[in-house]
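Q:
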Amino acid sequence: MGRKPIVGGNWKCNPAEKAKLPELVANFAPCAATLDKCDVYVCPSNLHVGLVYDKFEPGIMVAPQNCNFTGCGAYTGEMAVDQMVDLGLKCCLIGHSERRGEFGLPTPKESNELMATKLAYILEKGLMCIFCIGEPLPVREKGLEATIAECVNQLKDIVPILKALEDKSRVVIAYEPVWAIGTGVTATPEQAQETHKALREWIAANVDQKTADEIRIQYGGSANAKNAPDLSAMPDIDGFLVGGASLKPEFADIVKAIVAAK
């Protein structure tokens with residue numbers, strides 16, 4: 121059996137008006153017909169999770185965009201995975217580039233050690249984790265070796281977790297070329313494939329071959345309906361983490377593209 125594709129939509133801090141939520145939810149409805157061939161999840165903003173988590177077609181997973189690392193308690197401004205479990209949620213996204221220092225604001229950068237702690241907590245509570253990694257433009261401009269070194273630095277702390285994990289599908293790596301997020305610039309299919317392939321080879325050498333064969337790696341750099349077919353054809357791209365296009369009806373076309381390719 122090959123790796124089941126997985127496509128996620130990250131709404132980030134959108135929309136501004138809750139009145140727009142029904143139409144955004146409706147964009148995901150066509151995906152229900154292909155859930156046997158492709159996993160689908162959506163990451164609403166924190167304020168909107170509680171409003172929409174039960175409004176999607178059955179099987180479409182809602183994944184909060186972050187979590188804390190220790191559960192409920194005196195943690196003002198945080199979300200606990202325990203709360204997500206109580207809502208019946210199945211997955212959580214962490215480590216997005218905008219949490220790893222790409223806000224453009226003087227907010228603390230979330231460390232690799234913190235990401236590993238969060239991952240262990242998410243898995244302990246029985247959820248799937250979308251684990252984001254990626255490199256900014258100055259690193260990409262140095263070439264593939266520098267790009268992989270940057271990504272590997274973000275993966276090293278979770279190696280013991282991946283080794284101990286029996287069901288490798290419970291962790292999905294979302295590779296984000298940060299320079300291609302929200303810029304309209306997309307890595308070529310060949311660039312994306314060589315990075316995904318190199319990441320899988322590193323996992324084989326540093327975790328084990330089983331993990332490398334079974335773990336899913338999503339591409340997260342401005343995927344849209346136009347470029348999805350060519351990207352989907354790449355053997356080591358197992359899906360997409362979609363940003364702006366997840367706020368549009370074309371999201372369903374992205375899912376159709378990878379289902380057709382895989």
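All you need for my numbering is the position in the sequence shown, starting with 1, plus 120.
Glycine included, every Cβ here is placed at the ideal spot set by N, Cα and C.
Taking 8 angstroms as the cut-off, does the segment 184-196 touch the segment 149-162 (at least 3 CB pairs, one atom from each stretch)?
A: No: the two stretches stay apart, fewer than three of their Cβ pairs being nearer than 8 angstroms.
Q: Check this for me: beta carbons of N130 and L361, under 7 angstroms apart or not?
A: Yes. Within cutoff.
Q: Provide the residue(s) that pair with I180 in DSSP beta bridges, ordered along the chain.
A: Looking at the DSSP assignment, I180 forms no beta bridge with any residue, so it has no partner.
Q: From this set, F148, Q311 and N166, which residue's C-alpha is nearest E261's C-alpha?
A: For the residues F148, Q311 and N166, the minimum Cα distance to E261 belongs to Q311.
Q: Pull up the CB-CB distance for E233 and R220, whole angstroms please, since I reckon it's below 8 angstroms.
A: Not quite, the Cβ-Cβ distance comes to about 12 angstroms (not below 8 angstroms), so this is no contact.
Q: Give the DSSP-derived three-state secondary structure of Y195 in the structure shown.
A: Y195: coil per DSSP, three-state reduction.
Q: So what does DSSP say about F371, is it helix, strand or coil?
A: If DSSP states are grouped into helix, strand and coil, F371 belongs with the helices.
Q: Quick one: what's got a C-beta closer than 7 angstroms to K317's C-beta in the same chain, skipping five residues either side?
A: Answer for K317: D356, listed in chain order.
Q: Should C212 and C249 be called a contact, given that it needs their Cβ atoms to be closer than 7 angstroms?
A: Yes.
Q: Please state if the CB of G263 and the CB of E296 are separated by a distance shorter than 7 angstroms.
A: Not closer than 7 angstroms, so no.
Q: Apart from the five residues on each side of it in sequence, which residues of its chain come closer than 7 angstroms, Cβ to Cβ, to T267?
A: Excluding positions up to five away in sequence, the list reads E255, V259, R260 and T315.
Q: By Cβ distance below 7 angstroms, which residues in the same chain neighbour A307 in space, the five residues on each side in sequence not counted?
A: Cβ within range, chain order: P297, A300 and G341.
Q: As a quick exercise: from G128, K138 and K157, pick the residue whose alpha carbon is nearest that of F148.
A: Nearest C-alpha to F148: G128.
Q: What first and last residue would you give for the beta strand (DSSP E) that runs through Y161?
A: Note, Y161: beta strand (DSSP E), D159 to C163.
Q: Between Y173 and E143, what straight-line distance do the alpha-carbon atoms span, to the nearest angstrom?
A: Near 14 angstroms, if we compare the C-alpha coordinates of E143 and Y173.
Q: Would you list, in sequence order, the uninterrupted alpha helix (DSSP H) runs of no fewer than 4 residues that lie entirely inside the segment 305-350?
A: 309-326 and 329-334, all fully within the segment 305-350.
Q: So L167 and L209 are supposed to be a Cβ contact under 8 angstroms. How far apart are they, rounded?
A: Contact doesn't hold; Cβ gap of about 15 angstroms is too wide.
Q: Starting from L361, trace the alpha helix (DSSP H) both ways and give me its first and last residue.
A: Per DSSP, L361 belongs to no alpha helix (DSSP H); it is in the beta strand (DSSP E), G359 to V362.
Q: What does the alpha-carbon distance come out to for the pair M199 and A183?
A: Distance between the alpha carbons of M199 and A183: 12 angstroms.
Q: If I measure Cβ to Cβ from K245 and keep anything under 8 angstroms in the same chain, skipping five residues before and after, which residues do I get?
A: Counting only Cβ-Cβ distances below 8 angstroms, and skipping sequence neighbours, we find V201, D202, M204 and V205.
Q: Per DSSP, C252 forms a beta bridge with which residues?
A: Paired residues: A294.
Q: Assuming A372 contacts S352 (C-beta within less than 8 angstroms), just tell me the rounded distance between them.
A: That belief does not hold up - the Cβ atoms of A372 and S352 are roughly 14 angstroms apart, past 8 angstroms.
Q: Which whole runs of the beta strand (DSSP E) in the segment 193-229 are 3 residues long or more, in chain order?
A: Counting only runs of 3 or more, we get 211-214.
Q: Could you tell me the boundaries of the beta strand (DSSP E) in which N130 lies?
A: Unbroken beta strand (DSSP E) run through N130: I126 to N130.
Q: So, using beta-carbon positions, are G364 and I126 closer together than 7 angstroms?
A: Against a cut-off of 7 angstroms, the Cβ pair of I126 and G364 comes out as no contact.
Q: In or out: N344 buried (at least 16 other Cβ within 10 Å) or exposed?
A: Result: buried.
Q: With a 10 Å radius around its C-beta and 16 neighbouring C-beta atoms as the bar for buried, classify S236 as buried or exposed.
A: Here the sequence assigns Ala to residue 236, which means Ser is not the residue at that position. Answer is buried; the Cβ neighbour count reaches 16.
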